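Each protein sequence line maps, in turn, to chains C and A. Its first residue numbered 9, the first sequence is counted upward by one per residue in my numbering. Its first residue numbered 181, the second sequence is counted upward by one per residue in my numbering. We put the CB at the ideal spot given by N, CA and C, even for glycine. These figures come from a predicted structure and were not determined experimentally. Let me begin by presenting the structure, written as structure tokens, before commenting on it.
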Amino acid sequence: MAAYILHLAILAGIYVILALSLNLIVGYAGQVSLGHAAFYGIGAYISTLTALNWHFPYLLAALAAMVFAGLCGLALGLPTLRLKEDYLAIVTLGFGVIIDLVMRNLELTGGPDGIVGIPSPVILGFSFRQPIPYFLLVCLGVAFTLLFTYLLVSSYHGRALRAIRDHETTAQVMGINSPAYKVAVFALAAALAGLAGSLFAHYIKHINYESFGLHSSILILCMVVLGGMGSILGSVVGAIILTVLPETLRQFHAYQDLIYGGLLVALLVLRPQGLLGKGKLSLKFMIKKE
Amino acid sequence: MLTLKSVQAGYGRLMVLKGISLHVRQGEVVTLIGGNGAGKSTTLGAISGLLSVWRGQVEFDGRDLSRVPAEKVVALGLALVPEGRRVFATLSVRTNLELGGFHRRDAREVRRDLDDLQERFPILKERAHQPAGTLSGGEQQILAICRALMSRPQLLMLDEPSMGLSPRNVQLVYDILRELKERGTTLLLVEQNARAALKLADRGYVIETGRIILDGTASELQEAPEVQRAYLGKGYREVWE
Chain C
9 MAAYILHLAI LAGIYVILAL SLNLIVGYAG QVSLGHAAFY GIGAYISTLT
59 ALNWHFPYLL AALAAMVFAG LCGLALGLPT LRLKEDYLAI VTLGFGVIID
109 LVMRNLELTG GPDGIVGIPS PVILGFSFRQ PIPYFLLVCL GVAFTLLFTY
159 LLVSSYHGRA LRAIRDHETT AQVMGINSPA YKVAVFALAA ALAGLAGSLF
209 AHYIKHINYE SFGLHSSILI LCMVVLGGMG SILGSVVGAI ILTVLPETLR
259 QFHAYQDLIY GGLLVALLVL RPQGLLGKGK LSLKFMIKKE
Chain A
181 MLTLKSVQAG YGRLMVLKGI SLHVRQGEVV TLIGGNGAGK STTLGAISGL
231 LSVWRGQVEF DGRDLSRVPA EKVVALGLAL VPEGRRVFAT LSVRTNLELG
281 GFHRRDAREV RRDLDDLQER FPILKERAHQ PAGTLSGGEQ QILAICRALM
331 SRPQLLMLDE PSMGLSPRNV QLVYDILREL KERGTTLLLV EQNARAALKL
381 ADRGYVIETG RIILDGTASE LQEAPEVQRA YLGKGYREVW E
């Protein structure tokens, strides 16, 4: 039982990183992304492949995962700069599907079977093979992400992001280079998702495309929305709840998904701004303003 | 200081401005009046870089603005108070003001300007930590003007500052504009409310379907029969009368 709780805690930590990073895009910059799990997957595969094929030490592999996922975020951000709302939703959705197909079909990624035998992280000669040390490693990742997102959103640049979210044209008139900010936030969030992917791969030790598809993207988005867009603590709480809730509902067997869905709907009807959300933020592509 | 020469601009393939020429001199208050869809906001969009200029020239202090992106314009000394106020609704009043000085690097000076504005408009201090979206329409307009002033503009452009405000708030906003005028701020005022605008302005232009159909001093325009009929409601007759 204790091992199971620890397992859940590790997964929850990984999802906290994912939700925090997506919250930068959705909650702070006000952009839509339905393909966040693609960056998660890219991070997982890059970390795995560099560790297995080139024998990268763990920290270097994780760094490579972040850099490569970040570059992919940049590559997605640049051409989609001019898109907004529904269109951006569709493009990010498409990106997620493409990456899903690539992971599923590439020889390098082991095709549909994925890759097995991913090594445990070793840092400075210390192996994180046991669950408790691994949990601490994930906590370190979460702490880094928390600190990074907190510093970012409370900085000068964080204000610019929130201005873009509230009204992009006006933000531009104030001298905020909104295209540059949007691309930068996409890249940073993608890099953090890459870190989550690396932590996931070296924990679970066997990855395949299934973990990084549309389902995961939507799940991460749900965590952000449930917790409250534009709230750091909200993303943490949202991620923990949506990791733990399905497990605790297991006792209802066949009705598990029904209760899960019902609870989500009820929560969002009662608190449309999310559990810890403050303002009247909403997913822009779902509700048309003006 | 600002000169537009036969500017053409529009949206997609639709040409809205069919050759607009106007100028604003230092220390002047110039108004651009016209009805809905005449091209008033489009003109401001073309000046501020939000829309690309198809043809013609936009010159500010001897610099060609027609290729300058919107986010660089404010640093040149041109600030815009957008139509419908457009305060950043979920951000605090104070953050809104700080964003007005976004391009400025002199943190101390920005701070001082902020304190000055809060002193002049105590409501901005009282509500400093409240989301700007919770302010009333008139308060939001004051905030929008102050936010633009935070950039220390040489020329302040206002897009229909009286839109959607109660008569009392229109009065309040125009009192602020008058005060700015007395301090020597150069204003380009776009309005449908011709009466209020012409009272404040030195000169004006009347725009209709993308062309300037009339220009002159404010008092000339107030007397002009076209303006009286269309915008001031004097001698207006319905077709059946």
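Nearest neighbour of residue i, chosen from the options [CA to CA]
i	options	result
C:I54	C:A10, C:H15, C:F194 and C:A77	C:A77
C:T56	C:V252, C:M111 and C:G81	C:M111
C:F152	C:S135, C:N61, C:G21 and C:I126	C:G21
C:Q7	C:G238, C:L276 and C:L253	No statement about residue 7 of chain C is possible, as the shown extent of chain C runs from 9 to 298 and does not include it.
A:L277	A:G264, A:E263 and A:D296	A:D296
C:L275	C:M231, C:G85 and C:P87	C:M231
C:H175	A:P262, A:R391 and A:L231	A:P262
A:K217	A:Y191, A:T365 and A:T275	As written in the sequence, residue 217 of chain A is Gly, which differs from the Lys given in the question. Nearest of A:Y191, A:T365 and A:T275 to A:G217, Cα basis: A:Y191.
C:L196	C:H15, C:Y217 and C:L30	C:L30
A:R266	C:A199, C:I172, C:L250 and C:G242	C:I172
C:L60	C:S128, C:K286 and C:L16	C:S128
A:R332	A:S201, A:V407, A:L315 and A:F282	A:F282
Cβ neighbour criterion (16 or more within 10 Å) applied to residue i
i	result
A:R409	exposed
A:E359	exposed
A:A189	buried
A:T211	buried
A:P125	This structure does not reach residue 125 of chain A, given that chain A is present from 181 up to 421, and the question cannot be answered.
C:I295	Because C:I295 sits at a pLDDT of 48, beneath the cut-off of 50, its placement in the model cannot be relied upon, and the following sentence gives the value as read from the coordinates. Counting Cβ neighbours within 10 Å, C:I295 comes out exposed, since fewer than 16 surround it.
A:N349	buried
C:A10	exposed
C:L67	exposed
C:P280	exposed
C:I25	buried
C:H63	exposed
C:Q259	exposed
Residue range of the beta strand (DSSP E) that includes residue i
i	result
C:T58	That residue, C:T58, is in no beta strand (DSSP E); its alpha helix (DSSP H) goes H44 to N61.
A:K186	Position check: residue 186 of chain A holds Ser in this sequence, whereas Lys was assumed. Segment L182 to Y191, the beta strand (DSSP E) holding A:S186.
C:S162	First-last for C:S162: undefined, no H or E at that position.
A:R383	R383 to E388
A:K198	L194 to V204
A:I213	V209 to I213
A:L369	T366 to E371
Residue interval of the alpha helix (DSSP H) (run including residue i)
i	result
A:L412	From DSSP, A:L412 is part of no alpha helix (DSSP H); its letter is neither H nor E.
C:I267	Q264 to L278
A:R375	A374 to L380
C:H15	A10 to N31
A:L394	Run containing A:L394: none in the alpha helix (DSSP H); it sits in the beta strand (DSSP E), R391 to T397.
C:E176	E176 to V181
C:T88	Y66 to T88
A:I303	P302 to E306
Contact set between the segment 258–269 of chain A and chain C, restricted to residues whose Cβ is under 7 Å from the partner: Against chain C - using a Cβ distance shorter than 7 Å - the residues of the segment 258–269 of chain A are L260, P262, R266, F268 and A269.
List, from N- to C-terminal side, the alpha helix (DSSP H) runs of 4 residues or more that fit wholly inside the segment 229–299 of chain A. Entirely contained in the segment 229–299 of chain A, the alpha helix (DSSP H) runs reaching 4 residues are, in chain order, 250–253 and 273–280.
Which ranges would you report for the beta strand (DSSP E) in the segment 321–351 of chain A if only whole runs of at least 3 residues count? 335–339, all fully within the segment 321–351 of chain A.
Where in the segment 206–246 of chain C do unbroken runs of the alpha helix (DSSP H), each at least 4 residues long, occur, reported from the N-terminal end onward? As summarised for the segment 206–246 of chain C, the continuous alpha helix (DSSP H) elements at least 4 residues long and confined to that stretch are 222–235, given in chain order.
If the cut-off is 8 Å on Cβ atoms, which residues from the segment 172–184 of chain C count as contacting chain A, listed in chain order? Hits within the stretch, in order: R173, D174, H175, T177, T178, A179, Q180, V181, M182, G183 and I184.
For the segment 221–238 of chain A, which residues have a CB atom closer than 7 Å to at least one CB atom of chain C, in sequence order? So the close ones are S228 and L230.
Along the segment 155–168 of chain C, what residues have a CB closer than 9 Å to any CB found in chain A? Per Cβ criterion, the list reads Y164, R167 and A168.
Residues, ordered as in the chain, of the segment 77–98 of chain C that lie near chain E by beta-carbon distance below 8 Å: The structure shown has no chain E; the protein chains it does contain are C and A.
Whole alpha helix (DSSP H) elements within the segment 91–129 of chain C, 4-residue minimum: Those alpha helix (DSSP H) runs which fall completely within the segment 91–129 of chain C and span 4+ residues are 93–113.
Quick one: which residues of the segment 270–284 of chain A get their C-beta closer than 8 Å to a C-beta of chain C? List them in chain order. Taking 8 Å as the Cβ-Cβ cut-off against chain C, the residues of the segment 270–284 of chain A that qualify are T270, L271, T275, E278, L279, G280, F282 and H283.
Could you please tell me which residues of the segment 348–359 of chain A, in chain order, have their CB closer than 7 Å to any CB of chain C? Within the segment 348–359 of chain A, no residue has a Cβ that lies closer than 7 Å to any Cβ of chain C.
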